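Reading through the structure tokens given below for one structure.
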Ligand code: FES
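Residue numbers (our numbering): 433 to 591.
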């Protein structure tokens with residue numbers, strides 16, 4: 433994964449907001465959206481721009497589950513593990529993803545392609561088990577379909 437962060441995006445985001453502390457959450461949301469996580473390199477720019485302590489930034493960044501301090505993959509795979517999906521053996525999908533691309537929940541492939549997350553209910557229990565990759569939704573997913581679905585996203589590391 434390329435570790436170089438283009439901080440000009442952070443600068444562009446900051447310029448959209450007045451230099452007021454109340455915009456911190458919105459700024460962090462924009463940064464998360466831009467980079468798919470919150471790069472620590474951006475924090476100093478935000479701190480200076482808003483004139484707030486770094487500790488305030490970290491408190492907010494770690495409070496909200498939507499924020500990640502670690503780089504995430506290009507594609508976020510969300511497997512629902514809510515009650516309906518759990519009963520329809522969503523764990524088998526998680527296991528199959530681990531077998532196929534080698535990551536468990538909360539992990540990212542070393543090439544930065546995929547991250548895997550479990551979520552609670554995606555509101556589509558009738559077609560459980562459910563998984564989402566990026567903006568694409570998949571219902572009644574079987575473990576044997578996982579490989580094909582992932583192949584649609586570029587490549588699968590089948591060792
Ligand atoms: S429990 Fe998975 S969609 Fe509702």
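A virtual CB, placed ideally from N, CA and C, is assigned to each residue, including glycine. Remember, it's a predicted structure, so these values are computed and weren't measured experimentally.
Looking at the structure shown, is residue i part of a helix, part of a strand, or coil, going by DSSP?
i           : result
residue 567 : coil
residue 440 : helix
residue 556 : coil
residue 501 : coil
residue 479 : helix
residue 525 : helix
residue 589 : At residue 589 the pLDDT is 47, less than 50, meaning the model places this residue with poor confidence and gives no usable figure here.
residue 510 : strand
residue 562 : coil
Got a sec? Which residues, its chain only, sit under 6 Å from residue i by beta carbon, not counting five neighbours each side?
i           : result
residue 477 : 442
residue 545 : 505, 506
residue 518 : none
residue 468 : 504
residue 491 : none
Using only CA atoms, which one of the options lies nearest to residue i?
i           : options            : result
residue 555 : 516, 454, 574, 506 : 516
residue 488 : 525, 457, 533      : 457
residue 571 : 461, 563, 577      : 563
residue 580 : 525, 454, 552      : 525
residue 550 : 528, 514, 444      : 514
residue 463 : 444, 539, 453      : 444
residue 471 : 512, 502, 553      : 502
residue 523 : 437, 465, 552      : 552
residue 568 : 576, 495, 557, 584 : 584
For residue i versus residue j, is the C-beta distance shorter than 9 Å?
i           : j           : result
residue 481 : residue 451 : yes
residue 566 : residue 548 : no
residue 493 : residue 475 : yes
residue 560 : residue 510 : no
residue 483 : residue 453 : yes
residue 459 : residue 446 : yes
Kindly list the residues whose CB is nearer than 7 Å to the CB of residue i, restricted to its own chain and excluding five residues on each side of it in sequence; keep chain order.
i           : result
residue 578 : 525, 528, 529, 532
residue 434 : The predicted model places residue 434 with a pLDDT of 46, which falls under 50 and marks its position as unreliable, so this point remains unresolved.
residue 439 : 473, 474, 477
residue 466 : 441, 445
residue 558 : none
Got a sec: is the Cβ-Cβ distance from residue i to anything in chain C below 9 Å?
i           : result
residue 488 : Checking the listed chains, one finds no chain C in this structure; it contains a single protein chain.
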